[in-house]
Amino acid sequence: MTEQATQPASSPEQTTEAAARPRILAVDDSRVMRRAITKILGKDYDVIEAEHGEDAWTLLTHDDSIQVVFSDISMPYLDGFGLLERIRSAADERLKELPVVIVTGKEDDEASKNKALSMGATDFISKPFESVQLRARAQTHVRLERTSRKLSETEKTLEIEAAIDAVTGVGSKRYFMKAAGEVLAYVKRHGDELAVLRLDVDGFNGLFIKHGKDAANALLGGLGRLLLQQAREEDKVARLGLASFAFVLQNTTLEGAHKLAERVREQVEAAEFGPQTAPLKATVSVGLIQPAIDKDTTVDALLEAAQTQLTLAQRRGGNTVVGEPPSPPAVSAVTTPTPPPGLEQALKLLSEGRGDAVAAHATALMRQIMPVVELYLATQGETGAAQLAGLRQSLDR
Numbered sequence: 056m057t058e059q060a061t062q063p064a065s066s067p068e069q070t071t072e073a074a075a076r077p078r079i080l081a082v083d084d085s086r087v088m089r090r091a092i093t094k095i096l097g098k099d100y101d102v103i104e105a106e107h108g109e110d111a112w113t114l115l116t117h118d119d120s121i122q123v124v125f126s127d128i129s130m131p132y133l134d135g136f137g138l139l140e141r142i143r144s145a146a147d148e149r150l151k152e153l154p155v156v157i158v159t160g161k162e163d164d165e166a167s168k169n170k171a172l173s174m175g176a177t178d179f180i181s182k183p184f185e186s187v188q189l190r191a192r193a194q195t196h197v198r199l200e201r202t203s204r205k206l207s208e209t210e211k212t213l214e215i216e217a218a219i220d221a222v223t224g225v226g227s228k229r230y231f232m233k234a235a236g237e238v239l240a241y242v243k244r245h246g247d248e249l250a251v252l253r254l255d256v257d258g259f260n261g262l263f264i265k266h267g268k269d270a271a272n273a274l275l276g277g278l279g280r281l282l283l284q285q286a287r288e289e290d291k292v293a294r295l296g297l298a299s300f301a302f303v304l305q306n307t308t309l310e311g312a313h314k315l316a317e318r319v320r321e322q323v324e325a326a327e328f329g330p331q332t333a334p335l336k337a338t339v340s341v342g343l344i345q346p347a348i349d350k351d352t353t354v355d356a357l358l359e360a361a362q363t364q365l366t367l368a369q370r371r372g373g374n375t376v377v378g379e380p381p382s383p384p385a386v387s388a389v390t391t392p393t394p395p396p397g398l399e400q401a402l403k404l405l406s407e408g409r410g411d412a413v414a415a416h417a418t419a420l421m422r423q424i425m426p427v428v429e430l431y432l433a434t435q436g437e438t439g440a441a442q443l444a445g446l447r448q449s450l451d452r
């Protein structure tokens, strides 16, 4: 980066004053033009300078407080067109929508202006510019950027609020339908296994009437935390109704889903919810399915099938799981089961493209190498610990 892109050190008072003013980036290979922009706008704006597009791009990717860019077209290293292209194709939505005012000179013909416009230029100003025109452009686009940023922040806040249930901390129904739809689409493409659980708090209406809204919400909040603790990172868990919850478990067998359901049922039965001075006890009923998936399968159909199992659990008196895991296949007395391959043999089979001969023994092989995996993940800090916990939970299913 050139020295022009690095601003002089400021005193604390200057830094505070600059932080309170909108920040504008002036990009021009002419020191005279940069200083002219700074002189005109410096009273009302915190103007930073860059000598060419590369310097400007570095500043933009490291400083999200920049609200407007004024850029020349003809510059060394990276010209105004190149800078504009990078901004408009940025992965960062804020940067992608940043106002870019192209500063044109006598040497820039109509074709250059049309090209800049087609690439996403927000506005133009011609050299030599009048100070009132420059201030007007700055004021207009700073105001528009500020409004756009506030709208974006509000939209993100609303999306988060819409995706998370405020009482339980798990996903909302809206989140669940979208996330479950994405999982289902993936399963249809790749043929993975998928299980769905539906869970209701037994006798919740009676608990609500007897203990009141605050106690009932405390129970639901505690249950939400318990469910999130049991879910893997790839699992989708959400609240669908007053005391109704659902899981979508990708790449999980019916047996694995049944283990999870029983674990949740047992932990809820053993737990106490709400304040220690007046804790509540509760139980849950769970219905689960691991359906055959075809191109016509829908999320609504999956939820309906799981609801049928949940209704059976409730009719049996609650505090139970319906959706039995598959029975182990009968083994003929004259048939000797194929032993799992050793690690060396498994690697050889994989190298020969015979993954089907290894897939059935993947869990057993994973358990053999777990000591090595644990040793490695122990060196990876909190990320490693989280990955290890998820891996152990998957192997338990």
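Position in the sequence shown counted from 1, then plus 55, gives you the numbering used here.
Ideal placement from N, C-alpha and C gives every residue a C-beta, glycine not left out.
Where residue 122 is concerned, the enclosing beta strand (DSSP E) starts and stops at 121-127. Following the DSSP letters along the chain, one finds residue 342 inside the beta strand (DSSP E) bounded by residues 339-344. Note: residue 294 is bridge-paired with 300 in the DSSP secondary-structure output. The Cβ atoms of residue 286 and residue 293 lie no closer than 7 Å to each other.
The C-beta distance from residue 121 to residue 78 rounds to 5 Å, short enough to fall under 8 Å. The beta carbon of residue 363 lies closer than 8 Å to those of 342 in the same chain, with the five residues before and after it left out. The shortest C-alpha to C-alpha distance from residue 226 to any of 296, 374, 312, 396 is the one to 296. Listed in chain order, the non-local C-beta contacts of residue 317 below 6 Å within the same chain comprise 376, local neighbours out to five positions each way being set aside. Residues 429, 432 of the same chain have their beta carbon placed closer than 7 Å to that of residue 443, with the five preceding and five following residues left out of the count. Here residue 156 really is in contact with residue 123; their C-beta atoms are around 7 Å apart, less than 8 Å.
Under DSSP, the beta-bridge partners assigned to residue 103 are 80.
Straight-line measurement puts the Cα of residue 234 at about 10 Å from the Cα of residue 240. When the Cα atoms are used, residue 184 and residue 93 turn out to be separated by approximately 13 Å.
Residue 313 and residue 378 have their alpha carbons spaced roughly 7 Å apart. When secondary structure is reduced to three states using DSSP, residue 400 falls in the helix class. Within the same chain, Cβ atoms closer than 8 Å to the Cβ of residue 277 are found at 326, 328, 329, the five residues on either side in sequence being excluded. In the three-state reduction of the DSSP assignment, residue 235 falls in the helix class. Assigned with DSSP and collapsed to three states, residue 110 falls in helix. CA-to-CA, the gap between residue 118 and residue 112 works out to about 10 Å. By the beta-carbon neighbour count (other beta carbons within 10 angstroms, threshold 16), residue 172 is exposed. A residue is called buried when at least 16 other Cβ atoms come within 10 angstroms of its Cβ; residue 187 does not meet this threshold and is exposed. Around the beta carbon of residue 207, a 10 Å sphere encloses fewer than 16 other beta carbons of the protein chains shown; the residue is thus reported as exposed. DSSP places residue 222 outside both helix and strand once states are collapsed to three, so it counts as coil. Per DSSP, residue 173 is one residue of the alpha helix (DSSP H) stretching across 165-173. Of all alpha-carbon atoms in 144, 441, 154, 159, the one lying nearest the alpha-carbon of residue 288 is that of 441. Residue state for residue 415 is assigned as coil, using DSSP reduced to three classes. For residue 157, the enclosing beta strand (DSSP E) begins and ends at 155-159. Under DSSP, residue 328 shares a beta bridge with 335. Around residue 365, the same chain offers 253, 254, 255, 340, 341, 342, 377 as residues with beta carbons nearer than 8 Å, after the five sequence neighbours per side are excluded. As the crow flies, the alpha-carbon of residue 282 is around 58 Å from that of residue 180.
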